[in-house]
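Structure record follows, encoded as structure tokens.
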Amino acid sequence: MSSTSWESDEEIKYFREYLRIPSVHPDPDYEPCLEFLRRQALQLELPLAVHYPFDAKNPVAVITWQGLQPQLPALLLNSHMDVVPVFAENWTHPPFGADIDAQGRIFARGTQDMKCVGMQYLAAIRALKRNGTRLKRTIHISFVADEEMGGRRGMRPFVETEEFRVLNVGFGLDEGLASPTAEFPVFYAERSVWRMTFKISGTAGHGSLLLPNTAGEKLHYLLDKMMKLRRQQVARLENNPELTIGDVTTINLTRLGGGVQSNVVPPQLTAGFDVRLALDVVHEEFLAQLHSWMEEAGGGIELEFDQKHPYVPPTATDDSNPFWLAFKSATDELGLDVRPQIFTGGTDSRYLRKSGIGALGFSPMNHTPVLLHDHDEWIGADTYLKGVQIYEKIISNLANVD
Ligand SMILES: [Zn+2]
Numbered sequence: 032m033s034s035t036s037w038e039s040d041e042e043i044k045y046f047r048e049y050l051r052i053p054s055v056h057p058d059p060d061y062e063p064c065l066e067f068l069r070r071q072a073l074q075l076e077l078p079l080a081v082h083y084p085f086d087a088k089n090p091v092a093v094i095t096w097q098g099l100q101p102q103l104p105a106l107l108l109n110s111h112m113d114v115v116p117v118f119a120e121n122w123t124h125p126p127f128g129a130d131i132d133a134q135g136r137i138f139a140r141g142t143q144d145m146k147c148v149g150m151q152y153l154a155a156i157r158a159l160k161r162n163g164t165r166l167k168r169t170i171h172i173s174f175v176a177d178e179e180m181g182g183r184r185g186m187r188p189f190v191e192t193e194e195f196r197v198l199n200v201g202f203g204l205d206e207g208l209a210s211p212t213a214e215f216p217v218f219y220a221e222r223s224v225w226r227m228t229f230k231i232s233g234t235a236g237h238g239s240l241l242l243p244n245t246a247g248e249k250l251h252y253l254l255d256k257m258m259k260l261r262r263q264q265v266a267r268l269e270n271n272p273e274l275t276i277g278d279v280t281t282i283n284l285t286r287l288g289g290g291v292q293s294n295v296v297p298p299q300l301t302a303g304f305d306v307r308l309a310l311d312v313v314h315e316e317f318l319a320q321l322h323s324w325m326e327e328a329g330g331g332i333e334l335e336f337d338q339k340h341p342y343v344p345p346t347a348t349d350d351s352n353p354f355w356l357a358f359k360s361a362t363d364e365l366g367l368d369v370r371p372q373i374f375t376g377g378t379d380s381r382y383l384r385k386s387g388i389g390a391l392g393f394s395p396m397n398h399t400p401v402l403l404h405d406h407d408e409w410i411g412a413d414t415y416l417k418g419v420q421i422y423e424k425i426i427s428n429l430a431n432v433d
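Residues in the sequence shown are numbered from 32 upward in steps of one, following the working numbering.
In structure tokens form, the structure reads like this:
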């Protein structure tokens, strides 16, 4: 396709219109998104409902296409409307301009994360409806707020509401990642995020002495244990080419605090870590390990959590899950090289999985660099349109599961 034919494509037009809405953090205004989605729903001749599970500034819009057997659990096609901030000076195209260059690359914040996916769902449904297709299961296409801030004002409270319960969701799709190779990653689980701070107390005093039990010595002990664990995980990853970063526990020292003056031994030092627990870690055992290190270090240490996500079971990717089989048969038929893996970060999928609903993270963008949260975020127009066809097949298969 040439750049003029991309520009005149109906689906590319809708996508670019959505990209031009600056639903950007901090404090995004979702009203223009709702206004746009209402027009989409009208065009599709489908009902749209808006829910407010947290407050009036954080809507969840749900467009519904009823199936032939509406008593069956429904399919949820989820995307988030919010996007992360931009540093416009680092962009070669305006971040909310949705420019198309001569190679067909569309530049805007949200092209990958994840306005593409939300619009591809609608485009796929538009195509299915035009073909006169009817599917067994009801499909809900949800557009949520606040994912980029952890979903505390979006999906997390939404799954707890009566409005969500009546959607009778049986399975969900949500975001994945672009892939620079021919492969398409599909994500069936996420690690548990533990963000924590050790508050280490010790003997304070003059910097000229050798006082016992100082905070510095205890910090040294803890840091040594944490870094040893980190090295073990690095080795695990290096020694097994089958593993990806999502398969191992990551440990990173992210903050250090304390002290006033270099000749005064301080009464307290703090050390903050970002830890992502692999799926094979037993949470109680890991916590007990941390506590025994705190004692071995000399005691007087408190552990505080900013985030302590529970274990969430993965979505089955075997014969026990008919939705997985339906997904896999769609991608096999299309000849896609799909690779199941564990997501490195966190998405709204975890709230679905935590509620006992299986979910897959999938963003069909191969041969595309991973540019989420980066400047000059883009997707190829052809990749976008191919993704629409991929979703047509996947959605049909998933919504026709008996
Ligand atoms: Zn995202």
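Glycine is no exception: its CB is placed at the ideal position from the N, C-alpha and C atoms.
- Relative to ligand 1, the beta carbon of residue 403 is positioned inside 8 Å of a heavy atom.
- DSSP places residue 228 in the uninterrupted beta strand (DSSP E) bounded by 223-232.
- The Cβ atoms of residue 208 and residue 195 lie no closer than 9 Å to each other.
- By the CB criterion at 9 Å, residue 300 and residue 236 fall outside the cutoff.
- In the three-state DSSP reduction, residue 388 falls in the coil class, being neither helix nor strand.
- Contact between residue 292 and residue 281 is ruled out by a C-beta separation of about 35 Å, above the 8 Å threshold.
- Restricting attention to 206, 271, 287, 312, the CA atom closest to the CA of residue 230 is found in 287.
- Taken in chain order, the whole beta strand (DSSP E) runs of length 3 or more contained in the stretch 67-152 are 79-82, 91-96, 105-111, 136-138.
- Secondary-structure assignment with DSSP links residue 172 through a beta bridge to 94, 108.
- Proximity of the stretch 119-139 to the stretch 62-79 falls short of the contact definition, fewer than three beta-carbon pairs being nearer than 8 Å.
- For ligand 1, a non-hydrogen atom lies closer than 8 Å to the CB of residue 145.
- Between ligand 1 and the CB of residue 179, the shortest heavy atom gap is smaller than 8 Å.
- When the Cα atoms are used, residue 367 and residue 216 turn out to be separated by approximately 10 Å.
- Assignment of residue 49 by DSSP, reduced to helix, strand and coil, places it in the helix class.
- Per DSSP, residue 167 lies in no beta strand (DSSP E) and is assigned neither H nor E.
- A Cβ-Cβ contact shorter than 9 Å links residue 113 with residue 56.
- Taking the Cα positions, residue 397 is about 10 Å away from residue 417.
- Taking a C-beta distance under 9 Å as the contact criterion, residue 348 and residue 221 do not qualify as a contact pair.
- Residue 126 is classed as buried because its beta carbon has at least 16 other beta carbons within 10 Å across all chains shown.
- Scanning its chain for C-beta atoms nearer than 8 Å, with the 5 sequence neighbours on each side dropped, one finds around residue 153 the residues 45, 71, 75, 94, 172, in chain order.
- The Cβ atoms of residue 200 and residue 107 sit closer than 9 Å to each other.
- Pairing residue 277 with residue 210, the inter-Cα distance amounts to about 15 Å.
- Only buried fits residue 391, as 16 or more other CB atoms lie within 10 angstroms of its CB.
- Taking C-beta atoms under 8 Å as the contact rule, residue 424 and residue 361 qualify, at a distance of about 4 Å.
- In terms of CA proximity to residue 234, 295 leads the group 202, 262, 295.
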